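Residue numbers (numbering that gives the first Met the number 0): 0 to 495. The beta-carbon is built from N, C-alpha and C at its ideal position, and this holds for glycine as well. Just so you know, these numbers come straight off a predicted model, no measurement behind them. Below is one structure, written out as structure tokens, with a few remarks after it.
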Amino acid sequence: MEFTVDTRPLPVIETEALVTYVFEQSDPIEGPIAELDQATGGAIRKLVQSAELAGKALEMTLLHSPQGLKAQRLLLVGAGKRDAFTGAHLRKLAGAALRYLKARSVKRFVFAPRETDLNSVGAQTIVEGLIVANFESDKYKTENKNDKFIEAVALAGWSDSARAEAEKGIARGGIIGESQNFVRDLVNEPANRLTPRMLADRAQAMAREAGLPCEVFDENRIAELKMGALLSVAQGSVEPPRLIVLTYTPSSAAPNSPALGLIGKAITFDTGGISIKPALDMEKMKYDMAGGATMLGVMRALAALKPKIKVIAIIPSSENMPGGGAQKPGDVQISMAGKSIEVINTDAEGRLVLADGIAYAKQLGCTHLLDAATLTGAIVVALSNVNVGVFGSDQAFTDKFLASAKTQGEKMWQMPLDEEYREMIKSTIADIQNVGTGKGGGAITAAMFLKEFAGDTPWIHLDIAGTAWLDDQRPWICKGGSGIAVRTLVDLIMSY
Ligand code: BES
Ligand code: ZN
Ligand code: ZN
Numbered sequence: 000m001e002f003t004v005d006t007r008p009l010p011v012i013e014t015e016a017l018v019t020y021v022f023e024q025s026d027p028i029e030g031p032i033a034e035l036d037q038a039t040g041g042a043i044r045k046l047v048q049s050a051e052l053a054g055k056a057l058e059m060t061l062l063h064s065p066q067g068l069k070a071q072r073l074l075l076v077g078a079g080k081r082d083a084f085t086g087a088h089l090r091k092l093a094g095a096a097l098r099y100l101k102a103r104s105v106k107r108f109v110f111a112p113r114e115t116d117l118n119s120v121g122a123q124t125i126v127e128g129l130i131v132a133n134f135e136s137d138k139y140k141t142e143n144k145n146d147k148f149i150e151a152v153a154l155a156g157w158s159d160s161a162r163a164e165a166e167k168g169i170a171r172g173g174i175i176g177e178s179q180n181f182v183r184d185l186v187n188e189p190a191n192r193l194t195p196r197m198l199a200d201r202a203q204a205m206a207r208e209a210g211l212p213c214e215v216f217d218e219n220r221i222a223e224l225k226m227g228a229l230l231s232v233a234q235g236s237v238e239p240p241r242l243i244v245l246t247y248t249p250s251s252a253a254p255n256s257p258a259l260g261l262i263g264k265a266i267t268f269d270t271g272g273i274s275i276k277p278a279l280d281m282e283k284m285k286y287d288m289a290g291g292a293t294m295l296g297v298m299r300a301l302a303a304l305k306p307k308i309k310v311i312a313i314i315p316s317s318e319n320m321p322g323g324g325a326q327k328p329g330d331v332q333i334s335m336a337g338k339s340i341e342v343i344n345t346d347a348e349g350r351l352v353l354a355d356g357i358a359y360a361k362q363l364g365c366t367h368l369l370d371a372a373t374l375t376g377a378i379v380v381a382l383s384n385v386n387v388g389v390f391g392s393d394q395a396f397t398d399k400f401l402a403s404a405k406t407q408g409e410k411m412w413q414m415p416l417d418e419e420y421r422e423m424i425k426s427t428i429a430d431i432q433n434v435g436t437g438k439g440g441g442a443i444t445a446a447m448f449l450k451e452f453a454g455d456t457p458w459i460h461l462d463i464a465g466t467a468w469l470d471d472q473r474p475w476i477c478k479g480g481s482g483i484a485v486r487t488l489v490d491l492i493m494s495y
């Protein structure tokens, strides 16, 4: 999709569709709305007065051949209450408008933001929403494929002197939106088309294009590193594991600036292993690599945005299969950190591969750790598909992260990590066990397990099991991989 800035007055712009938005309840006729109302001889005022245009969130009002405008259509999108309107609303609204128009075979349109959004952050937000909305999840369809895409959007309403601001926002929004879609594409891939080796190939191809060094460790190198926990998960599969490491180094890092380790769970398929999962919904376990994909998408964006701090992505990848060599419940594994783990349930494999990923991040000298993983069904019970579960060992770091989540409109909710939960993962015969005893708290005991490996290094864990996959489409996004957390992570890293 191509983006441009059009600084001409709205009524003279020739386009398939001109889009703007209207707030709920006595939205003053001002800015672009006033300009359009005047040109159309009061058409907008009449719609508002007749209550046909109420401005309710994402309500669409489409006028064909609007009198007084060069545009073929005028699309007025409801924006909800003005006081509650945020960037998150703007992003969704832009996306919903795009999906509405592309369903009607429009190929090119003009988007005119309201006065308060005529800045670089506004342009960035709109472009993110548009790029995410233009993505479809049906890449393997040969029939009834959605092959309608928007080809070009012009952002209008900016003055000539503000053009550079708009262009800056468009460039950033483009990088972030495309990186989010990069993640979604990987998450959607079926497991036969994305094994750990194939994920590593995709990571290397992306890194080559982005200009980032990328190292892939095969099963022998993984064994040399003594990553017994990662290897134990892989041993039930004929597909070998991979450890993917991407590094971003700033051109000049300030002394004592942090080095952030991003660890992403990339189980390309989770059958549960010998503690096998039920058949219902098991096909969805292809998305158990979403944490790893998220980190790849973040690195892709960072390569272009060039933050000031060092960032290393560490992605342990494996299948979790019940083959003849599979680990058995009760087996004891020695992790890279030297800690012994009793594997009570082979389906709690994510924390095993992450334990070694975290240990490796520490060995590489990371001062801060952040992992993302589709880790537990329990987080879905606690927070459904609405919020990401956030766990943190350092409140200042966690607060900084949550502040980024807020500005990016990605819903995240902090969960507790009291010492009492540590008791629940004590093993009789090893240092720790991979499943909690006692009632409930499955997402927390999983996080507590990871915390043991993070140790004193400030660490955040994101459980994205409920939010990495959309079972239903929304007006602004199709079904499938969501690309959750990419924007928040990029914002956090750029804020240093
Ligand atoms: N990959 C799953 C978690 C999951 C569940 C992701 C639903 C996405 C949607 C994870 O490996 C798992 O199986 N966890 C178990 C842990 C249990 C055995 C302690 C779970 O949550 O049931
Ligand atoms: Zn599992
Ligand atoms: Zn899993």
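(Q) Need the endpoints of the beta strand (DSSP E) that Lys-309 sits in, please. (A) Position 310 of the sequence shown holds residue 309. Its beta strand (DSSP E) spans residues 309-319.
**Q.** Opposing strand residues paired with Thr-141 [DSSP bridges]
**A.** In the sequence shown, residue 141 corresponds to position 142, counting from 1. Per DSSP, none; premise fails for Thr-141.
Q) Among residues of its own chain, excluding the 5 on either side of Phe-390, which ones have a beta-carbon nearer than 6 Å to its beta-carbon? A) Stepping through the sequence shown from its first residue, residue 390 is reached at position 391. Answer for Phe-390: Met-414, Leu-416, Ala-446, His-460, listed in chain order.
**Q.** C-alpha distance - Ile-125 paired with Ala-395, whole-angstrom precision
**A.** As a working note, residue 125 is residue 126 in the sequence shown. As a working note, residue 395 is residue 396 in the sequence shown. When rounded, the separation of the alpha-carbon atoms in Ile-125 and Ala-395 is 31 Å.
Q: For the segment 402-409 and the segment 301-321, state whether three or more C-beta atom pairs, one from each stretch, are separated by less than 8 Å.
A: no
Q. Going along the chain, which residues put their C-beta within less than 5 Å of some heavy atom in ligand 1?
A. Asp-269, Asp-287, Asn-344, Asp-346, Ala-347, Gly-349, Thr-373, Thr-375, Gly-376, Val-434, Ala-464
(Q) Taking 8 Å as the cut-off, is the C-beta of Ile-515 nearer than that to any heavy atom in ligand 3? (A) Outside the modelled stretch of the chain, which goes from 0 to 495, sits residue 515, for which no answer is possible.
Q: Would you identify the three-state DSSP class for Glu-223, choosing helix, strand or coil?
A: Numbered from its first residue, the sequence shown carries residue 223 at position 224. The answer is helix: DSSP assigns Glu-223 an H, G or I state.
Q) Between the segment 160-176 and the segment 265-280, are three or more C-beta pairs nearer than 8 Å? A) no
Q: Determine, using beta-carbon pairs with one atom in the segment 79-96 and one in the segment 121-137, whether at least three such pairs fall under 8 Å.
A: Contact between the segment 79-96 and the segment 121-137 is present, with at least three C-beta pairs closer than 8 Å.
Q) Any chance the CB of Met-281 is under 8 Å from a heavy atom of ligand 3? A) Mapped onto the sequence shown, residue 281 falls at position 282. Incorrect: Met-281 has no Cβ contact closer than 8 Å to ligand 3.
Q.
DSSP three-state label for Gln-362, please.
A. For the purposes of this step, residue 362 is taken as residue 363 along the sequence shown, with counting starting at 1. The DSSP-derived three-state label of Gln-362 is helix.
Q. Which runs of the alpha helix (DSSP H) fall wholly inside the segment 382-415 and span at least 4 residues, in chain order?
A. 394-407
(Q) Let me confirm a value: Arg-192 is counted as buried when at least 16 other C-beta atoms fall within 10 Å, else exposed. Which label applies? (A) In the sequence shown, the residue the question calls residue 192 occupies position 193. Exposed: under 16 other Cβ atoms inside 10 Å.
(Q) Quick check: does the Cβ of Lys-101 come within less than 8 Å of any heavy atom belonging to ligand 2? (A) Residue 101 sits at position 102 when you count from the first residue of the sequence shown. Lys-101: no, Cβ never under 8 Å from ligand 2.
Q | Candidates Asp-462, Ser-160, Val-387, Ala-347, of which the one nearest Ile-424 by Cα | A | Taking the first residue of the sequence shown as 1, we reach residue 424 at position 425. The shortest C-alpha separation from Ile-424 is found at Ala-347.
Q.
According to DSSP, simplified to helix, strand and coil, what is Thr-293?
A. Here the question's residue 293 lines up with position 294 in the sequence shown. Thr-293: helix per DSSP, three-state reduction.
Q) Nearest to Gly-67 by alpha carbon, out of Val-11, Asn-187, Phe-268? A) For the purposes of this step, residue 67 is taken as residue 68 along the sequence shown, with counting starting at 1. With distances taken between Cα atoms, Gly-67 lies closest to Val-11.
Q) Shortest alpha-carbon distance to Lys-80 belongs to which of Leu-469, Leu-89, Arg-72, Gly-40? A) The residue given as residue 80 occupies position 81 in the sequence shown. Lys-80 has its Cα closest to that of Leu-89, out of Leu-469, Leu-89, Arg-72, Gly-40.
**Q.** Burial state of Asp-355, where buried means 16 or more other Cβ atoms lie within 10 Å
**A.** For the purposes of this step, residue 355 is taken as the residue at position 356 of the sequence shown. Buried: at least 16 other Cβ atoms inside 10 Å.
Q. At a cut-off of 8 Å, is Lys-307 close to ligand 3 when judged by its beta-carbon and the heavy atoms of the ligand?
A. Here the question's residue 307 lines up with position 308 in the sequence shown. No, since every heavy atom of ligand 3 falls outside the 8 Å radius drawn around the Cβ of Lys-307.
Q. Where DSSP assigns a beta bridge to His-88, which residues make up the other side?
A. By 1-based counting over the sequence shown, the position of residue 88 is 89. In the DSSP output, where bridge partners are listed per residue, His-88 has none listed.
(Q) Assuming the contact rule is C-beta atoms closer than 8 Å, Leu-230 and Leu-369 should be a hit. Round their C-beta distance to whole Å, please. (A) Position 231 of the sequence shown, counted from the start, is the residue given in the question as residue 230. Position 370 of the sequence shown, counted from the start, is the residue given in the question as residue 369. Rounded, the Cβ-Cβ distance is 24 Å, inconsistent with contact.
Q) Taking 8 Å as the cut-off, does the CB of Lys-264 come closer than this to any heavy atom belonging to ligand 3? A) If you number the sequence shown from 1, residue 264 lands on position 265. Yes, the Cβ of Lys-264 comes within 8 Å of a heavy atom of ligand 3.
Q: Leaving out five residues on either side along the sequence, give the residues of the same chain with a beta carbon under 6 Å from the beta carbon of Cys-477.
A: Locating residue 477 in the sequence shown gives position 478, counting from the first residue. If we look at Cys-477 and ignore the five residues flanking it on each side, its Cβ neighbours are Glu-135, Ser-136.
(Q) Just verifying my parser: in three-state terms, what is the DSSP assignment at Ala-484? (A) If you number the sequence shown from 1, residue 484 lands on position 485. It is coil, neither helix nor strand.
Q: Return yes when at least one heavy atom of ligand 3 lies under 8 Å from the C-beta of Met-294, else no.
A: If you number the sequence shown from 1, residue 294 lands on position 295. No - ligand 3 has no heavy atom lying nearer than 8 Å to the Cβ of Met-294.
Q. Can you tell which of Pro-195, Trp-458, Ala-202 has its C-alpha closest to the C-alpha of Val-182?
A. In the sequence shown, the residue the question calls residue 182 occupies position 183. Taking Val-182 as reference, the option from Pro-195, Trp-458, Ala-202 with the minimal CA-CA separation is Ala-202.
Q | Host alpha helix (DSSP H) of Thr-444 (start-end) | A | For the purposes of this step, residue 444 is taken as residue 445 along the sequence shown, with counting starting at 1. Taken as a continuous stretch (DSSP letters only), the alpha helix (DSSP H) holding Thr-444 covers 441-453.
Q: Please name the residue, chosen from Leu-353, Lys-450, Glu-409, that lies closest to Ser-392 on a Cα-to-Cα basis.
A: Numbered from 1 along the sequence shown, position 393 holds the residue referred to as residue 392. Nearest option by C-alpha distance: Lys-450.
Q) Contact check, Leu-353 vs Ile-262 under 8 Å by CB: the rounded distance? A) For the purposes of this step, residue 353 is taken as the residue at position 354 of the sequence shown. For the purposes of this step, residue 262 is taken as the residue at position 263 of the sequence shown. At roughly 6 Å, the Cβ-Cβ gap stays under 8 Å, so Leu-353 and Ile-262 are in contact.
Q | Endpoints, the beta strand (DSSP E) within which Lys-45 is located | A | As a first step, residue 45 must be located in the sequence shown, where it is residue number 46. That residue, Lys-45, is in no beta strand (DSSP E); its alpha helix (DSSP H) goes 42-48.
Q) Excluding five sequence neighbours on each side, which residues of the same chain lie with their C-beta closer than 7 Å to the C-beta of Ser-104? A) In the sequence shown, residue 104 corresponds to position 105, counting from 1. Excluding sequence neighbours, Ser-104 sits near Lys-147.
Q: Using DSSP bridges, identify the partner residues of Thr-115.
A: For the purposes of this step, residue 115 is identified with residue 116 of the sequence shown, where counting begins at 1. In the DSSP output, where bridge partners are listed per residue, Thr-115 has none listed.
Q | Endpoints, the alpha helix (DSSP H) within which Ala-202 is located | A | Position 203 of the sequence shown holds residue 202. Run containing Ala-202: 195-209, per the alpha helix (DSSP H) assignment.
Q.
I'd like to confirm something about Asn-133: is its beta-carbon nearer than 8 Å to some heavy atom of ligand 3, or not?
A. Within the sequence shown, numbered from 1, the residue matching residue 133 stands at position 134. For Asn-133, the CB stays at least 8 Å from every heavy atom of ligand 3.
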